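Numbering (numbering that gives the first Met the number 0), first residue to last: 0 to 241.
Every residue gets a Cβ at the ideal spot worked out from N, C-alpha and C, and that includes glycine.
Fair warning: this is a prediction, and the values are worked out from it, not measured in the lab.
In what follows, a single structure is set out as structure tokens and then discussed.
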Amino acid sequence: MTTALTVADLTLTYPDGADRITALDHVNLTVRGGEIAAITGPSGSGKSSLLAVSSTLIRPDSGRVTLETPSGATDLATLTRRDAAALRRDHIGIVFQQPNLIPALTALEQLEAMAHLGQTFLVSPRTRRATRTHAQDLLAAVGLAAHAHKRPHQLSGGQRQRVNIARALMNNPSLLVIDEPTSALDQERGAEVIALILDMAHTHQAATLLVTHDHSHLHHMTTIHTMVDGHLTPTTPARAAA
Ligand code: ADP
Ligand code: MG
0 MTTALTVADL
10 TLTYPDGADR
20 ITALDHVNLT
30 VRGGEIAAIT
40 GPSGSGKSSL
50 LAVSSTLIRP
60 DSGRVTLETP
70 SGATDLATLT
80 RRDAAALRRD
90 HIGIVFQQPN
100 LIPALTALEQ
110 LEAMAHLGQT
120 FLVSPRTRRA
130 TRTHAQDLLA
140 AVGLAAHAHK
150 RPHQLSGGQR
160 QRVNIARALM
170 NNPSLLVIDE
180 PTSALDQERG
190 AEVIALILDM
200 AHTHQAATLL
210 VTHDHSHLHH
220 MTTIHTMVDG
230 HLTPTTPARA
240 AA
């Protein structure tokens with residue numbers, strides 16, 4: 000069973016007064032299940048735009064974004080809003096810079112809420128128990144077994160980002176998009192979060208797109224790409240150069 004994200008000749012512009020800004024300029028990229036593509040580049044170069052198009056949050060002007068999941072291949076560039084929402088819920092995990100956790104929910108409940116999204120029928124006690132077990136397992140995997148019943152304000156920044164990552168894994172995503180997950184963390188916490196992402200991407204075999212400025216971990220990535228003015232260029236991996 001193949002899992003992969005393939006971006007082909009992708010172009011995205013935003014309105015800018017009477018003109019348009021080109022955020023993505025004929026971008027090409029392939030990431031397979033279990034691989035991590037790291038994306039670096041200056042602020043405003045188009046990195047977040049690439050993640051937004053890759054995760055169906057924005058429709059591109061032109062090009063193809065094909066996501067292959069165990070349920071088949073889909074062109075994300077032409078989905079309706081409703082189909083895009085369903086695809087995100089079922090197959091895509093999204094982690095932004097700020098965790099965006101719900102203040103009133105415990106860590107465990109943040110994950111459970113994710114699983115019950117979009118369920119219009121009554122959830123059986125058995126399904127609820129299975130969901131809870133899955134959520135507990137994921138919290139344990141990110142090192143938060145002892146913190147499952149804490150609310151966001153009772154957790155540190157690093158712990159909140161771990162909840163965020165665990166939440167993104169609840170639907171066993173085929174695609175994981177992660178945007179500057181360590182920018183609000185100190186060096187050490189940041190390094191731990193990157194190590195966790197490497198571990199999780201490998202364990203879950205998701206195709207992972209990671210925007211990061213943390214150069215200390217780049218040599219662990221499958222591929223490294225640099226975005227400049229909407230152009231994405233592959234960079235020779237550090238280990239190949241060594
Ligand atoms: P990065 O993540 O590398 O900082 P972005 O993808 O956020 O870059 O932005 C790329 C370019 O698109 C920038 O020039 C930015 O100002 C512009 N941009 C981003 N989002 C929007 C938007 N919603 N409307 C208009 N311009 C935008
Ligand atoms: Mg950005």
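query, result
"Beta-ladder partner(s) of T130, from DSSP", "Per DSSP, none; premise fails for T130."
"Distance cut-off 7 Å: K149 Cβ against heavy atoms of the ligand MG", "no"
"Test item: CB-CB of R27 and V6 under 8 Å", "The identity of residue 27 in the sequence shown is Asn, whereas the question assumes Arg. Yes, these two residues count as a Cβ contact at 8 Å."
"Assigned secondary structure, V64 (DSSP; H/G/I helix, E/B strand, else coil)", "strand"
"Distance between P102 and A183 (C-alpha atoms, nearest Å)", "18 Å"
"Ordered list of alpha helix (DSSP H) runs contained in the region 164 to 198, each at least 4 residues", "none"
"Straight-line gap, A239 to H90 (C-alpha atoms, nearest Å)", "Summary for A239: the model assigns pLDDT 47, below 50, so the residue's position carries little reliability, and this model does not support an answer."
"Close beta carbons around Q272, own chain, < 7 Å, minus the five adjacent residues each side", "With the chain running from 0 to 241 in the structure shown, residue 272 is simply not present."
"D213 in three-state terms, based on DSSP", "coil"
"C-alpha distance - M169 paired with D136, whole-angstrom precision", "10 Å"
"Neighbour-count burial assignment, N163, 16 or more Cβ in a 10 Å radius", "buried"
"Residue interval of the beta strand (DSSP E) (run including L28)", "D18 to R31"
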